[in-house]
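Heads up: take any position in the sequence shown, counting from 1, add 1065, and you land on this note's numbering.
Where is the CB? At the ideal position from N, CA and C, for every residue including glycine.
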Amino acid sequence: MADQQALDEVVRFTSDLIRIDTTNRGGGDCQERPAAEYAAEQLAGAGLQPMMLERTKGRTNVVARIEGTDPSADALLVHGHLDVVPAEAADWSVHPFSGEIRDGVVWGRGAVDMKNMDAMILAVVRGWARQGVRPRRDLVIAFTADEEASAVDGSGFLADEHPELFEGCTEGVSESGAFTFHDGAGRQIYPIAAGERGTGWLKLTARGRAGHGSKVNKENAVTRLAAAVTRIGEHEWPLRLTPTVRAALAELAALYGIETDLTDVDRLLEKLGPAAKLVEATVRNSANPTMLEAGYKLNVIPGEAVAYVDGRYLPGGEDEFRATLDLLTGPDVDWEFSHREVALQAPVDSPTYARMRAAVEAFAPEGHVVPYCMSGGTDAKQFSRLGITGYGFAPLKLPEGFDYQALFHGVDERVPVEALHFGVRVLDRFLRTA
1066 MADQQALDEV
1076 VRFTSDLIRI
1086 DTTNRGGGDC
1096 QERPAAEYAA
1106 EQLAGAGLQP
1116 MMLERTKGRT
1126 NVVARIEGTD
1136 PSADALLVHG
1146 HLDVVPAEAA
1156 DWSVHPFSGE
1166 IRDGVVWGRG
1176 AVDMKNMDAM
1186 ILAVVRGWAR
1196 QGVRPRRDLV
1206 IAFTADEEAS
1216 AVDGSGFLAD
1226 EHPELFEGCT
1236 EGVSESGAFT
1246 FHDGAGRQIY
1256 PIAAGERGTG
1266 WLKLTARGRA
1276 GHGSKVNKEN
1286 AVTRLAAAVT
1296 RIGEHEWPLR
1306 LTPTVRAALA
1316 ELAALYGIET
1326 DLTDVDRLLE
1336 KLGPAAKLVE
1346 ATVRNSANPT
1356 MLEAGYKLNV
1366 IPGEAVAYVD
1376 GRYLPGGEDE
1386 FRATLDLLTG
1396 PDVDWEFSHR
1406 EVALQAPVDS
1416 PTYARMRAAV
1426 EAFAPEGHVV
1436 PYCMSGGTDA
1446 KQFSRLGITG
1456 YGFAPLKLPE
1466 GFDYQALFHG
1476 VDERVPVEAL
1486 HFGVRVLDRF
1496 LRTA
């Protein structure tokens, strides 16, 4: 059982890490090293020997291993990223890098994504050192850089250049799972992630004939691009159900006493009410236009126009995604991946999933644990290159009205102190026997 010092430390560590500005603006504009040094110091204080590794100066990763009691057991990777997305201070109620603790809540960028989980890991490991606890299986602890961009300086670098550090790891746990989802009707649902859609960030390029803005131009690059972007934005992707999503729908339907009719999934989602939010983004591929670049003067038709699209595809859905983009862009617009990562799927009938479920239910017996697939992605994608199956398990018990998912990359990101205490207790129980 996590001791009182672990409960105190998780709050302090969360606040301290938030105060270390690790904003990742993309393009290499980030310095995780101060946060990495902080994490390494805490791990060293637990008697571990953390390694600090960089592909690029200042983009620091931390890796440490805890030896388990069962040498025949496969190792488990426990990982969290140190970087955060940008935050505009003028939009916030408190400064996003203050780490302020007010009215039982820790405020700041990274409070839920994901310095809270980093702090939980540190608090659990240090608690074990005080109590003389060793886990059943080897644990590899990793704190990574660059997750909020391409991960090329973080988990990608670790997986490609230092695979020996993850020897024996067959499974991993990280962010975005085991949080309280309130359905508005008194039920508390705890979704554990057992899959991720693949990442297909696209660059679209339309080429045409440059010319004067007053002349007729049937080869206008902007027009061609606009037409392709419109087709992509309005496209209705067909239904595609993965095993994880099928399991999620079945368990949610059973919870609500609804027949699991997978011949009309849209109707089934309507019957699930607010709980449909856990599934609706992962029953199809998607592609959302996000950025446009064209021209340099109002009366000049440019010879080239560029757009960017955030595409996501389900496990097994990449071929369909590619073929559909070929059709939607048409003959006058080229497209390419500006960033691509695989889709993931993890079994929901594994012993590890069962232990995660049991750990949550031990401290939230009123809760209902269900599997789900993440609409986005995590560092688990890069670690999957090493044959590591990834789950999302960063437990938090949240009060009703606390919109956890809206706070990811949102304004006034924050986490209740009691949620952190719950997370430490659940993570401690799970990792001891995982």
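- Taking the Cα positions, P1416 is about 19 Å away from F1428.
- Scanning R1349, H1144 and P1380 for the CA closest to the CA of A1184 turns up H1144.
- Sequence-distant Cβ neighbours of H1160 in its own chain, meaning closer than 7 Å and more than five residues away, are A1154.
- For a cut-off of 8 Å, the C-beta gap from V1482 to G1169 is around 5 Å, short enough to register as a contact.
- Under DSSP, F1495 shares a beta bridge with no residue.
- Following the DSSP letters along the chain, one finds V1143 inside the beta strand (DSSP E) bounded by residues A1140 to H1146.
- Counted as a single uninterrupted DSSP element, the alpha helix (DSSP H) harbouring M1182 occupies residues K1180 to Q1196.
- By the criterion of a C-beta distance shorter than 7 Å, H1227 is surrounded in its chain by L1118, once the five residues flanking it on both sides are discounted.
- Q1447: member of the alpha helix (DSSP H) spanning A1445 to F1448, first to last residue.
- Measuring C-alpha to C-alpha distances from L1204 to each of L1333, E1212 and S1239 identifies S1239 as the nearest.
- By a beta-carbon distance limit of 8 Å, G1192 contacts A1067. Their separation comes to about 5 Å.
- Annotation note: the region 1413-1468 contains the following uninterrupted beta strand (DSSP E) runs of length 3 or greater, listed N- to C-terminal: 1432-1439 and 1454-1457.
- The count of Cβ pairs closer than 8 Å, one atom from the region 1439-1457 and one from the region 1211-1229, reaches three, so the stretches are in contact.
- V1075 sits in a helix when the DSSP states are folded into three classes.
- Beta-bridge partners assigned by DSSP to A1313: none are found.
- If you look at L1267, you'll find it in the beta strand (DSSP E) that goes G1263 to R1272.
- Measuring C-alpha to C-alpha distances from A1152 to each of A1499, H1474 and R1296 identifies H1474 as the nearest.
- In this structure, the beta-carbon distance from N1350 to G1382 falls below 8 Å.
- Annotation for Y1103: the continuous alpha helix (DSSP H) segment containing it runs R1098 to A1109.
- In this structure, the straight-line span from the alpha carbon of E1212 to that of E1261 is close to 15 Å.
- In this structure the region 1458-1469 does not touch the region 1369-1376; the number of beta carbon pairs closer than 8 Å is below three.
- As the crow flies, the alpha-carbon of V1281 is around 11 Å from that of A1275.
- Around E1284, the same chain offers G1273 and R1274 as residues with beta carbons nearer than 7 Å, after the five sequence neighbours per side are excluded.
- Contact check between the region 1434-1446 and the region 1302-1315: three or more CB pairs, one atom from each, fall below 8 Å, which counts as touching.
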